[in-house]
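Protein chains in written order, with the working numbering: chain A, 1 to 114; chain B, 1 to 108.
Positions of the beta carbon are idealized from the N, C-alpha and C atoms, including for glycine.
Some notes on the structure that comes next.
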């Protein structure tokens with residue numbers, strides 16, 4: 001299996017622009033997670049899906065962030081408008097089961113908002 | 001208080017020594033615990049998971065869980081320079097919580 005795939009790997013944008021991050025989970029995994037990692041706050045869970053349905057988005061920092069999972073093999077995380085404080089590494093992870101199961105992480109997208 | 005607490009380090013040990021990484025958690029409902037290794041600029045990768053009280057060994061790695069004390073640890077025996085990384089502890093119950101990680105450097 002190719003593992004979790006994320007794109008782009010790096011994104012540099014200007015404040016106010018829309019940013020879309022993409023993720024393809026491991027086939028057969030029913031759970032998909034979006035995380036944000038910064039030096040100050042570590043890994044933070046933003047949102048997770050079960051069978052394409054958003055289950056908990058309480059970690060989404062504000063309304064500028066939105067996530068979708070239109071099918072089992074694709075998810076997006078969108079930031080509109082972006083701000084410099086959104087600069088971080090965003091990881092997507094997937095697992096077969098819920099929190100008691102191993103999560104497999106993608107390579108991450110390093111986002112820089114100028 | 002964060003759900004999972006780790007000493008951020010840095011922790012330095014000489015090559016061949018035992019590295020001991022510790023983690024405490026606040027949610028008594030947490031059932032499963034995971035140790036991830038993250039190299040600089042890379043994504044977290046799972047090293048071990050543990051569900052039951054006691055020790056679990058896998059090669060040079062031993063995970064220890066004490067639910068009464070709400071304590072999880074990871075021991076790395078015969079530490080190698082390639083073990084130099086940040087180690088993330090995670091606990092799961094109704095949610096999945098990561099600690100902020102402990103930076104380990106193994107000195108040749």
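Under 9 Å, Cβ to Cβ, is there at least one residue of chain B near residue 98 of chain A?
Mapped onto the first chain, residue 98 of chain A falls at position 98. So yes, residue 98 of chain A belongs to the interface.
Assuming residue 53 of chain B and residue 42 of chain B make a contact with CB atoms under 8 Å, what is their CB distance in whole Å?
In the second chain, the residue the question calls residue 53 of chain B occupies position 53. In the second chain, the residue the question calls residue 42 of chain B occupies position 42. About 32 Å; that fails the 8 Å criterion.
Considering only residues of the region 8-90 of chain A, which uninterrupted beta strand (DSSP E) runs meet the minimum length of 3 residues and lie entirely inside it, listed in chain order?
10-13, 19-24, 31-38, 42-50, 53-56, 65-71 and 74-79
Can you tell me where the beta strand (DSSP E) holding residue 64 of chain B begins and where it ends?
Along the second chain, one-based indexing puts residue 64 of chain B at 64. Per DSSP, residue 64 of chain B belongs to the beta strand (DSSP E) from 61-66.
Ends of the beta strand (DSSP E) at residue 57 of chain B?
Position 57 of the second chain, counting from 1, holds the residue named residue 57 of chain B. 54-58 is the span of the beta strand (DSSP E), which, as asked, contains residue 57 of chain B.
How should residue 37 of chain B be labelled, buried or exposed, when 16 other C-beta atoms within 10 angstroms of its C-beta is the threshold for buried?
For the purposes of this step, residue 37 of chain B is taken as the residue at position 37 of the second chain. The residue is buried, with at least 16 neighbouring Cβ atoms inside 10 Å.
Alpha carbon to alpha carbon, what distance is there between residue 28 of chain B and residue 57 of chain B?
As a working note, residue 57 of chain B is residue 57 in the second chain. As a working note, residue 28 of chain B is residue 28 in the second chain. Distance between the alpha carbons of residue 57 of chain B and residue 28 of chain B: 24 Å.
Going by DSSP, what residues sit across from residue 3 of chain B in a beta bridge?
The residue labelled residue 3 of chain B in the question sits at position 3 within the second chain. DSSP output for residue 3 of chain B lists no bridge partner at all.
Beta-carbon separation (whole angstroms), residue 33 of chain B vs residue 50 of chain B, contact threshold 8 Å:
As a first step, residue 33 of chain B must be located in the second chain, where it is residue number 33. As a first step, residue 50 of chain B must be located in the second chain, where it is residue number 50. The pair is a contact, with the Cβ atoms about 5 Å apart (cut-off 8 Å).
At 7 Å on the CB atoms, spell out the chain A contacts of residue 44 of chain B, in chain order.
Residue numbering aside, residue 44 of chain B sits at position 44 when the second chain is read from its first letter. Residues of chain A whose Cβ lies closer than 7 Å to the Cβ of residue 44 of chain B are, in chain order, 105.
Apart from the five residues just before and just after residue 84 of chain B, which ones in its own chain have a Cβ nearer than 7 Å to its Cβ?
By 1-based counting over the second chain, the position of residue 84 of chain B is 84. So the qualifying residues of the chain are 104, 105 and 106.
Which residue marks the beginning of the beta strand (DSSP E) containing residue 110 of chain A, and which one marks its end?
Position 110 of the first chain, counted from the first residue, corresponds to residue 110 of chain A. It spans 109-113 - the beta strand (DSSP E) in which residue 110 of chain A sits, taken as one unbroken run.
So is residue 11 of chain A buried or exposed if we call it buried at 16+ other beta carbons inside 10 Å?
Translated into the one-based positions of the first chain, residue 11 of chain A becomes position 11. Answer is buried; the Cβ neighbour count reaches 16.
I'd like the list of long-range same chain contacts for residue 8 of chain A, defined as Cβ closer than 7 Å, with 5 residues on each side in sequence excluded.
As a position in the first chain, residue 8 of chain A is number 8, starting the count at 1. Cβ neighbours of residue 8 of chain A beyond the five flanking positions: 109.
Taking a Cβ distance cut-off of 7 Å, strictly less, list which residues of the region 45-65 of chain A are near chain B, in chain order.
45
Are residue 78 of chain A and residue 99 of chain A closer than 9 Å when you measure CB to CB?
As a position in the first chain, residue 78 of chain A is number 78, starting the count at 1. As a position in the first chain, residue 99 of chain A is number 99, starting the count at 1. Contact: no.
Residue 28 of chain A CB to nearest chain B CB: under 9 Å?
Your numbering for residue 28 of chain A matches position 28 in the first chain. Proximity of residue 28 of chain A to chain B, defined by a Cβ-Cβ separation below 9 Å, is not satisfied.
Residue 36 of chain A and residue 90 of chain A: beta carbons closer than 9 Å?
Working through the first chain from its first residue, we reach residue 36 of chain A at position 36. Working through the first chain from its first residue, we reach residue 90 of chain A at position 90. Result yes, Cβ atoms of residue 36 of chain A and residue 90 of chain A sit closer than 9 Å.
Mind pulling the chain A residues with CB within less than 7 Å of residue 101 of chain B?
Taking the first residue of the second chain as position 1, residue 101 of chain B is located at position 101. Ordered by position in chain A, the residues that pass the 7 Å Cβ test against residue 101 of chain B are 42.
If distances are taken between C-alpha atoms only, which option among A/96, A/102 and A/87 comes closest to residue 91 of chain B?
As a working note, residue 91 of chain B is residue 91 in the second chain. Nearest of A/96, A/102 and A/87 to residue 91 of chain B, Cα basis: A/102.
Spell out whether any CB of chain A is found under 9 Å from the CB atom of residue 95 of chain B.
Taking the second chain and counting its residues from 1, the one referred to as residue 95 of chain B is at position 95. Yes, contact with chain A.
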